[in-house]
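Down below is the structure, laid out as structure tokens.
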Amino acid sequence: MIQVLLVDEQAVVRQGLRMRLALEPDLEIVGAARSSEEALGMARTITPDIVVMDIDMPGVDGFQAIRQMRDAMPGAAVIVLTLREGKDVRAQALQAGALAFIEKQGGAEPLLLEIRRLAAGVADEGRSG
Numbered sequence: 000m001i002q003v004l005l006v007d008e009q010a011v012v013r014q015g016l017r018m019r020l021a022l023e024p025d026l027e028i029v030g031a032a033r034s035s036e037e038a039l040g041m042a043r044t045i046t047p048d049i050v051v052m053d054i055d056m057p058g059v060d061g062f063q064a065i066r067q068m069r070d071a072m073p074g075a076a077v078i079v080l081t082l083r084e085g086k087d088v089r090a091q092a093l094q095a096g097a098l099a100f101i102e103k104q105g106g107a108e109p110l111l112l113e114i115r116r117l118a119a120g121v122a123d124e125g126r127s128g
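Take the sequence shown: its letters are residues 0 to 128, numbered as in numbering that gives the first Met the number 0.
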């Protein structure tokens, strides 16, 4: 079972992701947070395989949040799921420690592919959907 932590400030996005990912028999949502600070607090009690997070949230800068997430949950692969587009944003996210960058406009399939790829231990930095 692949354990996933969702981090997005918008409740409707968290709920939608939770509902969609719950349809997958090999995925388990172990937590959902509205900020990186809340997610970091969860690091004391959960150890997800995958963290799916937006980089546009109040509080800590999104790229700093990726670094903090990697420090707090070193065994977890971070996937950025965002509305932001562009090679510069993707490069910054990957440089900060994300292993995949997915645009929200792409639907669920690219996200599911990356979750499974990273959970299988296939590191291919720079890949995005």
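Cβ atoms here follow ideal geometry from the backbone N, Cα and C, with glycine treated the same way.
With a 10 Å radius around its C-beta and 16 neighbouring C-beta atoms as the bar for buried, classify residue i as buried or exposed.
i	result
Ala21	exposed
Met18	exposed
Leu82	exposed
Ala90	exposed
Asp25	exposed
Asp55	exposed
Which whole-angstrom value describes the C-beta separation of residue i and residue j, a residue pair presumed to lie in contact below a C-beta threshold of 8 Å?
i	j	result
Ile49	Glu27	Not really, about 10 Å apart at Cβ, beyond 8 Å.
Met68	Leu39	7 Å
Ala71	Ala118	That pair is no contact at about 19 Å.
Is the distance from the Cβ of residue i to the Cβ of residue j below 9 Å?
i	j	result
Ile65	Gly96	yes
Asp7	Arg33	yes
Taking the alpha carbon of residue i as the reference point, which residue from the options has its own alpha carbon closest?
i	options	result
Arg115	Asp7, Glu36, Ile78 and Gln9	Ile78
Asp53	Asp87, Pro73 and Phe100	Phe100
Pro73	Arg13, Pro47, Gln14 and Glu108	Pro47
Name the DSSP beta bridge partners of residue i, please?
i	result
Ile1	Leu26
Met52	Val6 and Val79
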